[in-house]
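See structure below.
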Amino acid sequence: MSAQHEAGMATTHRVVILGAGYAGLSAAIQLACRAKPSENVRVTLVNAQERFTERLRLHMAASGQPLAELSIPELLEGTGAHFERGWVTAVDANAKTVRIDDERVLPYDTLVYALGGVADTPAVPGAEDHAHTLNSAQDAEVLADRLARLGSGTVAVVGSGLTGVESAAEIAERHPELTVVLLGRGEPGAAMNPKARAYLRAALDRLGVRVRSGVEVVKVLPGSVELAGTVEPAGGESVAADVVLWTSGTRVSPLAAAAGLTVDEGGRIVTDTALRSVSHPEVYAVGDAAAIRQGYGVMHGTCQGGMPTGVHAAVSILRELRGRRPRPFRFGYYHTPVSLGRHDAVVQFTHPDDSPRRLHLTGRVAVRYKETVTAAPWATWGRMKKMPASGAFWPRGGRFTRVGGAR
Ligand SMILES: Cc1cc2nc3c(=O)[nH]c(=O)nc-3n(C[C@H](O)[C@H](O)[C@H](O)COP(=O)(O)OP(=O)(O)OC[C@H]3O[C@@H](n4cnc5c(N)ncnc54)[C@H](O)[C@@H]3O)c2cc1C
0 MSAQHEAGMA TTHRVVILGA GYAGLSAAIQ LACRAKPSEN VRVTLVNAQE RFTERLRLHM
60 AASGQPLAEL SIPELLEGTG AHFERGWVTA VDANAKTVRI DDERVLPYDT LVYALGGVAD
120 TPAVPGAEDH AHTLNSAQDA EVLADRLARL GSGTVAVVGS GLTGVESAAE IAERHPELTV
180 VLLGRGEPGA AMNPKARAYL RAALDRLGVR VRSGVEVVKV LPGSVELAGT VEPAGGESVA
240 ADVVLWTSGT RVSPLAAAAG LTVDEGGRIV TDTALRSVSH PEVYAVGDAA AIRQGYGVMH
300 GTCQGGMPTG VHAAVSILRE LRGRRPRPFR FGYYHTPVSL GRHDAVVQFT HPDDSPRRLH
360 LTGRVAVRYK ETVTAAPWAT WGRMKKMPAS GAFWPRGGRF TRVGGAR
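Using numbering that gives the first Met the number 0, the letters of the sequence shown correspond one by one to residues 0 to 406.
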């Protein structure tokens, strides 16, 4: 039973949530709306910008399509949650404080760590200096500006995962004057069923994207990228590229590791079944920054899984404050929607472990489905403010997600 529960909820319980992305916002709204006034829970949400970054649309922003102005403080209006704008520079897990912009210090009783992840540019020499990323709206806008001024030339999109595919398709459609090359180890859509994968590939061909799979980029230079030993022993092949977009890999903030929290090899916070840090149970980790084990393995970063983790953390914090044990988190994947420019898309429905089902959508229906999913979070949060319980519906994944008898 928590000290606060024993003390009759007299003291304020300070919950600080780091990161107002899909997971952090879900946690903040759920917690603020579900806590009773008598529970004296103070929720503070910290984020680098006031504007919400719609990561799901950054490939559109990169090709020159403006993002909506979505204000985080406005969204929080009426919930009682406080917004603190600033860059988190340190977490002191012993003192239970976070440092913001190297000047402000915020104390917490419970921390929700939701700082997300970005493309892994340090993995390859030159990528930090010479490649663009979709790490933020600003990065996407810088790329859009560069592409608009290019006139002609080649854009190399590195990474044949779904962000790479969506970006290559969008850029090719918006900039027919440019040559777009998609480079990566795997085949685009590799995790889809053969028909969906073939559809995706045909769409990329139609848009003029030159796909080179089975290659590894080992260096980024001004004006080219170098591939691993394809022309041994002389060295790697060079692919000319006026602009490089790096979408490969995921890197998380080093703050959790620096604070002494247990992290996995990628720096993500390792959680227990309730989403608490295994080394610091007063820290919850959610979204892309967390290594969350399910029956099928450790979850990979998505918005579809990230929002439920935020909701679950909020519900668990309140259960703990009420003297109850948090329930195990269970999540099963259900779809992979991929846009292929503005007029085409493919949606692969999946088993809870993310393996493909036979069912998939293509063409206009898939475009509508994808847009509905992409636009859904803002509407979902609006609904959660009115009906907090509506946030707690997602597929639990049955036998696929059970870990050691969890129900
Ligand atoms: C182009 C693109 C398309 C995608 N499409 C899909 C899709 O169709 N479906 C899907 O499920 N997933 C998709 N994803 C993945 C999805 O965007 C991520 O899984 C999701 O954003 C993770 O949510 P999050 O809340 O963990 O992190 P984020 O949404 O990244 O939020 C983290 C927040 O923390 C802030 N932050 C980080 N560090 C600091 C700091 N030190 N101080 C202060 N603030 C900080 C960031 O500014 C950000 O606001 C896509 C990603 C990209 C890039």
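Here a beta-carbon is modelled for each residue, glycine too, at the ideal position from N, C-alpha and C.
Is there a Cβ of chain B sitting closer than 9 Å to that of residue i, yes or no?
i: M383; result: The chain labelled as chain B is not found in the depicted structure, where only one protein chain is given.
Counting along the chain, where does the alpha helix (DSSP H) carrying residue i start and finish?
i: Y21; result: 21–33
i: M261; result: One detail in the question is off: residue 261 reads as Thr in this sequence, not Met. Element bounds for T261: n/a, residue is neither H nor E.
i: T379; result: 362–385
i: S166; result: 161–173
i: E319; result: 302–320
i: L244; result: Premise fails: L244 lies in the beta strand (DSSP E), 242–245, not in any alpha helix (DSSP H).
i: L203; result: 193–205
Taking only heavy atoms of ligand 1 into account, decide whether any of them is closer than 8 Å to the Cβ of residue i.
i: F392; result: no
i: P336; result: yes
i: D287; result: yes
i: G304; result: yes
i: A113; result: yes
i: S278; result: no
i: T52; result: yes
i: N192; result: no
i: Q48; result: yes
i: R367; result: no
i: T109; result: no
i: L274; result: no
i: S159; result: no
i: L199; result: no
For residue i, report the span of its beta strand (DSSP E) as first-last.
i: T88; result: 87–91
i: P336; result: 334–338
i: T109; result: 109–112
i: H131; result: Unbroken run through H131: none, as it is neither H nor E.
i: L177; result: 177–183
i: E73; result: Counting along the chain, E73 falls outside any beta strand (DSSP E), though it belongs to the alpha helix (DSSP H) covering 71–75.
i: L226; result: 223–226
i: H12; result: 12–17
Would you list the one or two residues that DSSP bridges to residue i?
i: N46; result: R84
i: V277; result: V277 is not bridged to any residue.
i: S62; result: The partner list for S62 (beta bridge, DSSP) is empty, contrary to what the question assumes.
i: I99; result: V87, R103
i: G296; result: Q293
i: S252; result: Partner(s): none; S252 has no beta bridge.
contact_flag[the region 141–153, the region 241–258] where n(CB pairs < 8 Å) is 3 or more: yes
Segment contact, 8 Å Cβ cut-off, at least three pairs: the region 84–93 with the region 248–257: yes
The region 204–215 contacting the region 175–192, beta-carbon criterion three pairs below 8 Å: yes
The region 101–121 in contact with the region 286–294 per 3-pair CB rule at 8 Å: Put simply, the region 101–121 touches the region 286–294. At least three CB pairs are less than 8 Å apart.
Inter-stretch contact at 8 Å, needing at least 3 Cβ pairs: the region 316–326 / the region 300–308: no
The region 124–132 in contact with the region 332–346 per 3-pair CB rule at 8 Å: no
Contact the region 149–165 vs the region 245–252: 3+ CB pairs below 8 Å: yes
Any 3 or more C-beta pairs closer than 8 Å across the region 354–368 and the region 35–54: No contact exists between the region 354–368 and the region 35–54.
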